[in-house]
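In our numbering, the protein residues as written are 360 to 631. Where is the CB? At the ideal position from N, CA and C, for every residue including glycine.
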Amino acid sequence: MEIICPVCGAKLIRENRSAVCAGRHSFDYARQGYLNLLIRQSTDHGDNREMVQARTRFLNSGAYAFLKDELVRISEEYRPGILADLGCGEGYYTCGLAADEKYGFDMSKDAVRHASASDKSTQYIIASIFHLPMPDQCADMVLTCFAPFAGSEVMRILRPGGIFVFVSPAPKHLAELKQVLYDRPYDNAAVPLSTVLTKEKEYVTEHVFHADQTMIQNLFMMTPYAHRTSENDIRKLSSVQSLDITASFLIRIFRKPLEDAAGLPRRRDRNQ
Ligand SMILES: [Zn+2]
């Protein structure tokens, strides 16, 4: 298991229903199988149950299945030993990925509980993606799909030569939904990533899906717009019976350079 103790940083070993470190810090596995390694109190507890349920209902419609298929394809291409999904949510994308060992991290207990109950191929963990309970340079692949870019942690846990996949909304994502909501809809700007990782590929994958009123409401609930749209604008959504909506994702694939290639300090020769 590539998980370290959030208290002392020593490796955690599974002992029956607990994960225990050499310093005897002990963390119990929940009935569903996940670990809660969040030791710091945080005001941000991640997505609540209502949001998790709305997202689950929407994803189960299959509207984003094409993105899931693409991420599975990428994992099969690189075939990682250890894979970490940062901001895994309900594990909709995580569960199908090909890897010898998979870890899914999210702050939301409701999301992790849901993920853990339905997907036994992944160890789900409640933790902040900005303080990951993983050792340095352990991961062959790191995925972040619709979650913030935790740059320094990605650099730390990736092994040299490892792969980082970042998925974010492309400019036309949900354009038709925004046209209903706003008088002057704007395109999404691509999140700039400041990183010394080497870009291997960057492309957009896109699909138009048909949404009925229930699906539109579920979709709206899971977007950032839910928090920043006026009640007046939200009312406009209820008047639309159905809508053809474009789902458009920007996929960026990076590789962590080997030390020499990155201009980072060279490992000293043993003879010197
Ligand atoms: Zn410990």
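For the set R438, I610, F425 and E561, the Cα lying nearest the Cα of D499 is the one of R438. Proximity of the stretch 441-450 to the stretch 503-511 meets the contact definition, three or more beta-carbon pairs being nearer than 8 Å. The stretch 523-538 and the stretch 574-587 touch, with three or more beta-carbon pairs separated by less than 8 Å.
According to the DSSP assignment, Q482 belongs to no alpha helix (DSSP H) but to the beta strand (DSSP E) extending over Q482 to I485. In this structure G463 touches T453 by the C-beta definition: roughly 5 Å separates them, less than 8 Å. Not one heavy atom of ligand 1 is found less than 7 Å from the C-beta of A486.
In the DSSP assignment, A378 falls within the unbroken beta strand (DSSP E) covering S377 to V379. With fewer than 16 other beta carbons inside 10 angstroms of its own, N419 counts as exposed. A Cβ-Cβ distance of about 13 Å is found for the pair L426 and T605, leaving them out of contact under the 8 Å criterion.
N547 is positioned such that its CB atom lies closer than 8 Å to that of A529. In the DSSP annotation of this structure, S553 is not part of any alpha helix (DSSP H), being labelled neither H nor E. Here R414 is buried: its Cβ has 16 or more other Cβ atoms, across all protein chains shown, within 10 Å. Nearest to N407 by alpha-carbon distance, out of K558, D465, V526 and L517, is D465. Three or more Cβ pairs drawn from the stretch 514-523 and the stretch 603-618 lie within less than 8 Å of each other, which places the two stretches in contact. Counting of Cβ neighbours within 10 angstroms places M360 among the exposed residues, the total staying below 16. Counting only residues of its own chain and dropping the five nearest sequence neighbours on each side, M514 has a CB closer than 8 Å to the CB of T554, V555, L556 and K615. Along the stretch 577-604, the alpha helix (DSSP H) occurs as fully enclosed runs of 4 or more residues at 584-587 and 590-597, listed in sequence order.
Those residues having their beta-carbon less than 6 Å away from any non-hydrogen atom of ligand 1 are, in chain order, C364, V366, C367, A369, C380, G382 and H384.
In the same chain as R416, and ignoring 5 residues on each side of it, the C-beta atoms closer than 6 Å to its own belong to N577, in chain order. DSSP places D546 outside both helix and strand once states are collapsed to three, so it counts as coil.
According to the DSSP assignment, A498 belongs to the beta strand (DSSP E) that extends over A498 to C504. D592 and Y541 have their C-alpha atoms some 7 Å from each other.
Counting only runs that start and end inside the stretch 415-452, the alpha helix (DSSP H) elements of at least 4 residues fall at 424-437. With respect to A457, E435 sits close: the two C-beta atoms are nearer than 8 Å. Taking each of D459, L602 and G421 in turn and checking the Cα distance to V539, the smallest one comes out for L602.
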